[in-house]
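J.: Here it is, the structure, as structure tokens.
Residue numbers (the UniProt record's numbering): 1 to 254.
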């Protein structure tokens, strides 16, 4: 495999989108308005009634990948369903469609997170009939590199001799999901084997769950300073007692 050099790095911009949802947009911003045939690329997060209610599309295809949680969708042709984590949807807007995309409530209260890519349709297909193609997580062809360090899900295109499922979208693109063997990632006080688990740690802390339950009721004794009474009492730090413990320990080792 030949090496490729990075031509440009674009920093995603966070902004409000839909109703109460937040997206980080890397394509479709001022310094990267388009990247033909790619029109927009969002990393979205939404929960509760915050999402993307009734809105139109025309002349493009959208590819939605759910990373965490679940997203419900329906449109004015009668199509409807739910995408769960790992699922994708290829929507061809064609001559026009109106649809809604709203998060399904997660039991742990965490938001639904995913990626959405907008792809331009060729002029000859801009008036085509709208359609959907759902790709479930287990249907995505995947391959593991020879060294076992990387798993590649071939969403669209070809990689390591594996081809994607055909006829998902009209515009041919290469779209791969890489999962690199766990290393060590840290963000502030949180350490995990991947960025996804860092996000889980932050959510668990914020919602006092999965190990952080006591955060709701616990109050630190020493946050305003350590007093002598604390040392002699609840902190059990009396120096005379410490020396006696030390002496007893050393004598037991003789």
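For every residue, glycine included, the Cβ atom is placed at its ideal position computed from N, Cα and C.
For clarity, every value in this text was computed on a predicted model and none was experimentally measured.
What does residue 192 pair with, by DSSP beta-bridge criteria?
T.: 185.
J.: Is it true that the CB of residue 24 sits closer than 7 Å to the CB of residue 16?
T.: No; because the gap between Cβ atoms is not below 7 Å, this pair is not in contact.
J.: Which one of 209, 224, 75, 178 has the shortest CA to CA distance from residue 142?
T.: Here the closest residue by C-alpha is 178.
J.: Excluding the 5 residues flanking residue 32 on each side, which residues of the same chain have their C-beta closer than 6 Å to its C-beta?
T.: If we look at residue 32 and ignore the five residues flanking it on each side, its Cβ neighbours are 10.
J.: Report, in whole angstroms, the separation of the C-beta atoms of residue 66 and residue 114, which I expect to be a contact under 8 Å.
T.: Right, their Cβ atoms sit about 4 Å apart.
J.: Indicate the three-state DSSP secondary structure (helix, strand or coil) for residue 285 in the structure shown.
T.: Residue coverage of the chain in this structure runs from 1 to 254, which leaves residue 285 outside it and unanswerable.
J.: Reducing DSSP to helix, strand and coil, say where residue 200 ends up.
T.: The answer is helix: DSSP assigns residue 200 an H, G or I state.
J.: Three or more C-beta pairs closer than 8 Å, one from the region 128–137 and one from the region 156–175: is that the case here?
T.: Enough Cβ pairs lie closer than 8 Å, so yes.
J.: Is residue 180 near residue 198, with beta carbons less than 7 Å apart?
T.: No, the Cβ-Cβ distance between residue 180 and residue 198 is not below 7 Å.
J.: What runs of the beta strand (DSSP E), each 3 residues or longer, lie entirely inside the region 10–87?
T.: Runs found: 13–17, 21–27, 38–46, 52–57, 60–68, 70–75, 80–84.
J.: Could you give the residue range of the beta strand (DSSP E) that holds residue 100?
T.: Where residue 100 is concerned, the enclosing beta strand (DSSP E) stretches over 97–104.
J.: Out of 244, 248, 83, 129, which one is the CA nearest neighbour of residue 97?
T.: Residue 97 has its Cα closest to that of 129, out of 244, 248, 83, 129.
J.: DSSP state of residue 231, grouped into three classes?
T.: The answer is helix: DSSP assigns residue 231 an H, G or I state.
J.: Quick check on DSSP: helix, strand or coil for residue 120?
T.: Residue state, collapsed to three classes: strand.
J.: Run through DSSP, which three-state label would residue 247 get?
T.: Of the three classes helix, strand and coil, the one that applies to residue 247 here is helix, per DSSP.
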